[in-house]
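**Student:** Quick note, the sequences are listed as chains G and F, same order. Per full-length UniProt numbering, residue 1 is the first one in the first sequence, and the count goes up by one each step. Per full-length UniProt numbering, residue 1 is the first one in the second sequence, and the count goes up by one each step. Let me begin by handing over the structure; questions about it come next.
2 protein chains.
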Amino acid sequence: MATVALKCPFLAQLTLQQVRNSAQHILNVGSTSCPYYSKLVRKNSVYTGTQHSETARPMPSMPYTHEEIMTVHKQIINEQKQSLAVKPMHELPKKQSTAAPKEPYPHSYGDIIISTECQDLQCPFLKKTPIMLKRTPLDEDTIEINENFGKTATVTTVEASKPKSFEYQAFFNEKIEEKKRDNSYRIFKRVQRQSGLFPQAEEKTDDDTRLITIWCSNDYLGLGQHPKLKRAVISTKCFLMYRDTVNMHGSGSGGTRNISGTTPLHDNLEKLLARLHQKEAALLFTSCYVANDTTLFTLAKLLPNCQIFSDSGNHASMIQGIRNSQVPKHIFRHNDIEHLEHLLKKIPQHVPKIVAFETVHSMDGSICDLESMIDVAHRYGSITFIDEVHAVGLYGENGAGVGERDQVLHKMDIISGKAFGSIGGYIASTSKMTDFIRSYGSGFIFTTSLPPTVLASATAAIEISMSDEGRYLRQKQQENVCELRSKLIDAGLPVMVAPSHIIPIHVGDAAIATELCNDLLSKYSLYIQSINYPTVERGTERLRIAPTPHHTSAMIDYLVQSLTHVWQNIGLQLTQDNERIATRQHG
Amino acid sequence: MATVALKCPFLAQLTLQQVRNSAQHILNVGSTSCPYYSKLVRKNSVYTGTQHSETARPMPSMPYTHEEIMTVHKQIINEQKQSLAVKPMHELPKKQSTAAPKEPYPHSYGDIIISTECQDLQCPFLKKTPIMLKRTPLDEDTIEINENFGKTATVTTVEASKPKSFEYQAFFNEKIEEKKRDNSYRIFKRVQRQSGLFPQAEEKTDDDTRLITIWCSNDYLGLGQHPKLKRAVISTKCFLMYRDTVNMHGSGSGGTRNISGTTPLHDNLEKLLARLHQKEAALLFTSCYVANDTTLFTLAKLLPNCQIFSDSGNHASMIQGIRNSQVPKHIFRHNDIEHLEHLLKKIPQHVPKIVAFETVHSMDGSICDLESMIDVAHRYGSITFIDEVHAVGLYGENGAGVGERDQVLHKMDIISGKAFGSIGGYIASTSKMTDFIRSYGSGFIFTTSLPPTVLASATAAIEISMSDEGRYLRQKQQENVCELRSKLIDAGLPVMVAPSHIIPIHVGDAAIATELCNDLLSKYSLYIQSINYPTVERGTERLRIAPTPHHTSAMIDYLVQSLTHVWQNIGLQLTQDNERIATRQHG
């Protein structure tokens with residue numbers, strides 16, 4: 001039987017200098033995971049049957065006592081002292097296992113020698129002995145901490161000869177100051193939603209908690225606090241009984257969709273989404289940002305010689321995917337079908353094209369002329385990528401969005417949407433198309449899938465949307481939108497008139513918008529987020545109000561009064577009525 | 001008082017042809033949201049006090065009866081018939097409100113006239129009358145459905161003169177077939193995790209459900225099913241009492257971080273993550289894919305003349321961010337510090353640089369020599385972006401990852417990680433750095449924030465990780481890893497030896513890897529996902545096993561036996577022992 005000298009696989013890869021530099025690291029690595037050590041241990045202690053015996057005994061978790069390890073340790077140190085040459089290590093103490101009879105190894109491996117090739121270092125498996133390398137602080141001059149990064153102002157004196165590194169921290173600081181100077185620096189309001197109170201919530205400052213009314217939530221129907229969604233998170237119907245979703249499935253999915261992270265909850269939600277949009281298939285993403293970015297990027301990259309036609313008002317997620325694909329792009333004026341057609345005309349029919357736009361624009365509240373947009377796109381051999389994020393749940397008989405309301409679902413090639421009342425996004429399209437993105441989309445493939453609680457609440461939200469209750473909520477929301485919008489116009493506030501549920505009020509200055517928002521919150525307990533660059537163009541800063549079905553008329557009146565007061569206090573003019581109408585007419 | 005003719009804002013923007021084409025669309029748009037309609041209605045029905053009166057009465061949700069609307073409708077139609085000229089509309093029927101006394105309007109607006117400028121169309125606010133435009137199917141030849149997209153093979157006969165569009169659906173089909181041909185087409189296994197059974201779970205096929213053992217979960221410690229995480233989802237400690245997280249906060253956050261989506265739960269989790277990594281601040285993202293992509297992209301784009309040094313084994317999320325930034329990039333051999341130094345040397349000290357790498361590699365299980373990597377990076381004036389996704393929770397006293405284990409947390413500039421046992425990712429760094437990404441990172445800014453249930457379970461997971469229980473779980477996991485790895489090596493399987501908790505078994509062929517995986521699942525109820533391109537390079541396809549603390553010795557033995565059988569049945573050789581050791585030594 002051959003005696004084989006086995007080099008330590010961890011150390012064999014390193015130079016002597018590296019080993020010296022990384023002593024602590026190597027000790028750590030080896031301590032808990034050296035396959036050779038654990039193999040050796042097991043050979044000597046447990047292995048008693050044939051290699052695939054059904055009766056192989058479990059390995060004890062800590063096979064050696066401290067004293068036994070010490071013995072081996074001393075022995076190796078002695079051997080290393082005597083010679084650098086590797087010698088067989090015969091005398092490993094045998095574990096006194098009461099369970100495993102001391103038979104000769106049925107499967108012979110020969111002797112195994114663990115060598116470090118380095119006197120400085122003990123074999124990692126000995127780390128548990130007390131003679132452990134203590135991490136000694138290195139000399140001051142060898143510590144290579146990135147002063148420019150870690151600290152803002154205390155860059156230590158470097159030798160004059162040493163070239164200066166880039167000052168990262170100062171750079172970050174300057175970029176933040178830049179935002180503060182142009183008033184686009186954001187301070188997030190800390191808002192704790194409290195179930196049952198919606199649209200009210202608690203604002204938490206460092207030393208206070210108080211009740212405020214939220215007027216800018218994207219949870220447009222307040223479904224995030226709907227009893228059915230809450231129940232769905234907690235319990236799932238199973239064999240006619242409700243069982244705990246969390247208790248049943250746990251809090252996480254456990255992996256990417258491919259690696260143990262696809263559950264029936266994913267499948268069912270995708271089927272439901274496909275049905276909602278009357279498409280063959282749907283595909284879930286961790287957010288609609290990722291859905292838009294990944295789908296447009298992947299399509300544009302892989303369709304041969306693809307060109308993209310992008311609405312100038314498109315959301316950042318679409319812009320990101322389009323820009324990164326680096327294919328030729330044509331930007332048409334927001335919702336301007338003639339401009340789109342003008343641009344499409346220039347490209348030969350056979351060239352693959354994508355026309356990408358939103359139905360409801362999240363910041364100006366406009367709704368595109370969906371059918372005409374699609375028809376123009378198709379006329380020139382293009383497919384359409386249509387973002388219904390701010391329309392899903394809110395328009396159409398089942399809440400499938402503007403496509404359903406306008407009865408053109410069958411014409412829409414790819415629809416993207418958001419799992420409302422929760423988190424997560426999706427696309428719906430033909431099964432080939434979704435399978436294509438499933439197979440090629442990096443942002444889909446390489447990410448942990450949505451957890452069961454999110455899937456359960458998203459499923460419940462769609463079920464509500466498709467029910468009479470969903471229809472009632474949509475109706476009530478639109479009534480509230482109408483009431484608030486007309487009252488705001490009456491009050492002389494510069495409402496940007498739009499046909500959707502989003503009511504933007506033009507301010508045109510980031511500092512003033514922020515001040516309005518802060519005053520509303522501090523003086524009137526009303527939370528309307530000011531919308532500044534980069535969410536909207538500079539000069540078009542605004543307050544953006546999104547009424548829900550749960551806001552009452554009293555709340556609406558209070559908002560209009562408060563906003564008018566704040567508006568005037570800050571020195572802004574209210575539009576005179578006749579003047580305003582005349583302006584509208586000619587402007 | 002002036003009489004002002006107010007054009008319908010929806011119609012005023014359109015040409016007559018557009019109005020004709022979009023009749024249905026316009027009716028829909030106007031039906032529920034016309035601000036002028038609702039204003040008119042309110043003027044005539046409710047507005048009774050001064051403009052900002054505290055006693056303004058709520059608006060009834062349906063102010064007109066069907067009969068009243070019909071009256072207005074007939075009136076307008078008649079007026080339009082008589083003349084195209086716009087006339088004052090005086091005779092709007094007054095709502096017989098019992099509550100609102102019939103006073104003269106205290107605030108005068110003059111008369112408002114709604115005009116469509118188009119005889120073909122009724123004003124949208126009349127949609128509720130029965131005289132509604134019925135959507136008439138258009139002529140066959142005007143329907144512009146994208147045949148090439150929507151259907152796979154049934155491209156209808158187009159006129160010979162019409163240029164042919166790109167055949168999208170055929171293209172998607174071909175790309176999918178391409179994947180099937182080279183065996184990289186993925187069929188997701190449908191696995192329902194059942195709490196309490198971990199690492200076992202239910203596999204759901206269309207007609208069957210059976211218990212399987214998962215050996216490839218990224219929920220490495222099984223925390224997703226930990227009672228504390230489940231409890232956290234359901235209840236939150238509040239004033240010494242546990243209250244329902246879901247019932248308290250609902251299922252969704254309600255918006256982006258900036259727009260009503262920042263809660264104390266976000267703040268607290270970010271503080272906890274910063275503490276875990278001993279950094280000033282942390283920033284949450286919806287996934288670690290987005291954290292890596294966004295942070296690297298934003299840094300590289302904005303740091304002036306930045307250059308990136310990227311480990312050849314980096315995760316797709318990092319590659320995506322780096323590639324899309326389009327800054328000069330240098331790829332160094334996986335974990336090869338000398339190669340990194342060789343590349344860094346070429347770039348002047350003052351140029352901003354980012355060295356990006358992973359501590360634990362998710363697919364080959366290697367662990368980098370962290371401190372040396374960082375030191376080299378810093379020596380050349382670079383900052384480090386270090387992905388600890390597969391190390392957080394698993395290494396170090398508190399589970400902060402390899403950085404904590406190696407005691408170099410203070411040297412790490414930016415750490416990215418994953419909220420384990422759930423979903424979501426983060427970065428931890430200086431407060432300036434995180435504030436910079438918070439202010440400039442598109443993938444952070446423009447996406448809905450994580451929901452309360454996810455935050456609650458992520459927080460609980462970190463608390464466990466930092467406790468004695470976390471330390472016990474890590475120890476137990478490493479023991480299981482050692483045991484399984486040595487038993488696999490003994491059995492003659494080509495284990496790719498690595499120092500981490502990930503055990504890859506080299507296969508080198510996608511079809512065979514998939515077959516092994518399918519056989520294991522169908523014959524032995526064992527789920528190990530085969531890892532094929534694009535997750536790993538072609539020719540390095542593998543099975544990837546991730547033992548958890550919850551796998552037992554009996555499970556390990558069963559796995560080794562089953563895998564050996566499947567391996568041999570498929571015609572693969574097991575390595576002979578001596579041969580194998582010799583190969584290792586010289587290979």
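Beta carbons: idealized from backbone N, C-alpha and C, even for Gly. Keep in mind that this is a model prediction, so the values were computed, not measured.
#1: To the nearest whole angstrom, what separates the beta carbons of residue 424 of chain G and residue 394 of chain G, a pair I think is in contact under 8 Å?
#2: Note down the Cα distance separating residue 472 of chain F from residue 479 of chain F, rounded to an integer number of angstroms.
#3: Tell me, please, whether the CB atom of residue 440 of chain F is closer than 9 Å to any CB atom in chain G?
#4: Please report how far the alpha carbon of residue 289 of chain F lies from the alpha carbon of residue 403 of chain F, in whole angstroms.
#5: Beta-carbon within less than 8 Å of residue 380 of chain F's beta-carbon, same chain only, minus the 5 sequence neighbours each way: which residues are those?
#6: Between the beta-carbon of residue 287 of chain F and the beta-carbon of residue 447 of chain G, is there less than 9 Å?
#7: Check the Cβ of residue 259 of chain G against every Cβ in chain F and list those closer than 7 Å, keeping chain order.
#8: So residue 457 of chain G packs on residue 283 of chain G, CB below 8 Å; how close in whole Å?
#9: So, do the region 408-416 of chain G and the region 258-269 of chain G have three or more beta carbon pairs nearer to each other than 8 Å?
#10: Can you tell me whether residue 210 of chain F is buried or exposed, with buried defined as 16 or more other CB within 10 angstroms of its CB?
#11: Tell me the rounded alpha-carbon separation between residue 595 of chain G and residue 520 of chain G.
#12: With a CB to CB cut of under 8 Å and the five nearest residues on each side skipped, what residues in its chain are close to residue 204 of chain F?
#13: From what residue to what residue does the alpha helix (DSSP H) around residue 384 of chain G run?
#14: Are the beta-carbon atoms of residue 388 of chain G and residue 400 of chain G separated by less than 9 Å?
#15: Any Cβ of chain G within less than 9 Å of the Cβ of residue 198 of chain F?
#16: What are the residues of the region 254-281 of chain F that lie near chain G, defined by any Cβ-Cβ distance shorter than 9 Å?
#17: For the alpha helix (DSSP H) containing residue 510 of chain G, name the first residue and the last one.
#18: Quick one: residues in its chain with C-beta nearer than 6 Å to the C-beta of residue 507 of chain F, no 5 flanking neighbours on either side, listed in chain order?
#19: Please look up how many angstroms separate the CB atoms of residue 453 of chain F and residue 251 of chain F, rounded, as I've assumed it's under 8 Å.
#20: Under the rule that 16 or more other beta-carbon atoms within 10 Å means buried, what is residue 356 of chain G, buried or exposed?
#21: Under 8 Å Cβ-Cβ, which residues of chain G neighbour residue 316 of chain F?
#22: Using beta carbons (cut-off 9 Å, strictly below), is residue 422 of chain G in contact with chain F?
#23: At what residues does the alpha helix (DSSP H) containing residue 345 of chain F begin and finish?
#24: Can you list, in chain order, the stretches of the beta strand (DSSP E) that have 3 or more residues and sit fully within the region 290-375 of chain F?
#25: Enumerated in chain order, which unbroken segments of the beta strand (DSSP E) with a length of 3 residues or greater are wholly contained in the region 426-511 of chain F?
#26: Looking at C-beta atoms only, is the number of pairs between the region 208-226 of chain G and the region 461-471 of chain G that lie closer than 8 Å three or more?
#27: Name the two residues that bound the continuous beta strand (DSSP E) containing residue 202 of chain G.
#28: Between the alpha carbons of residue 281 of chain F and residue 427 of chain F, how many angstroms are there, rounded?
#29: Hey, is residue 631 of chain F's beta-carbon within less than 9 Å of any beta-carbon in chain G?
#30: Once DSSP output is grouped into helix, strand and coil, what is the label at residue 419 of chain G?
#31: From residue 156 of chain G to residue 372 of chain F, what does the alpha carbon distance come to, in whole angstroms?
#32: Roughly how many angstroms lie between the CA atoms of residue 590 of chain F and residue 217 of chain F, to the nearest whole one?
#33: Leaving out the 5 sequence neighbours to the left and right, which residues in its chain are closer than 8 Å to residue 570 of chain F when beta-carbon positions are compared?
#34: Between which two residues does the beta strand (DSSP E) holding residue 285 of chain G run?
#35: According to DSSP, what are the bridge partners of residue 185 of chain G?
#36: On the three-state DSSP scale, how would you describe residue 217 of chain F?
**Tutor:** In short, the structure shows the following:
#1: That pair is no contact at about 17 Å.
#2: 11 Å
#3: yes
#4: 20 Å
#5: 341, 344, 345, 347, 349 and 353
#6: yes
#7: 216, 218 and 529
#8: No, residue 457 of chain G and residue 283 of chain G are not in contact; Cβ-Cβ is about 19 Å, not under 8 Å.
#9: no
#10: exposed
#11: Outside the shown range of chain G (1 to 587) lies residue 595 of chain G, about which nothing can therefore be said.
#12: 190, 191 and 192
#13: That residue, residue 384 of chain G, is in no alpha helix (DSSP H); its beta strand (DSSP E) goes 382-387.
#14: yes
#15: yes
#16: 254, 255, 256, 257, 258, 259, 260, 261, 262, 263, 264, 265, 266 and 267
#17: 510-524
#18: 513, 541 and 542
#19: 7 Å
#20: buried
#21: 442, 445 and 446
#22: yes
#23: 337-345
#24: 307-311, 329-332 and 353-358
#25: 503-506
#26: yes
#27: 200-205
#28: 8 Å
#29: Within the shown structure, residues of chain F are numbered from 1 to 587, placing residue 631 of chain F beyond reach of any answer.
#30: coil
#31: Summary for residue 156 of chain G: the model assigns pLDDT 42, below 50, so the residue's position carries little reliability, and this model does not support an answer.
#32: With chain F represented from 1 up to 587, any question about residue 590 of chain F goes unanswered, as that position is not in the structure.
#33: 512, 515, 516 and 519
#34: 281-285
#35: The partner list for residue 185 of chain G (beta bridge, DSSP) is empty, contrary to what the question assumes.
#36: coil
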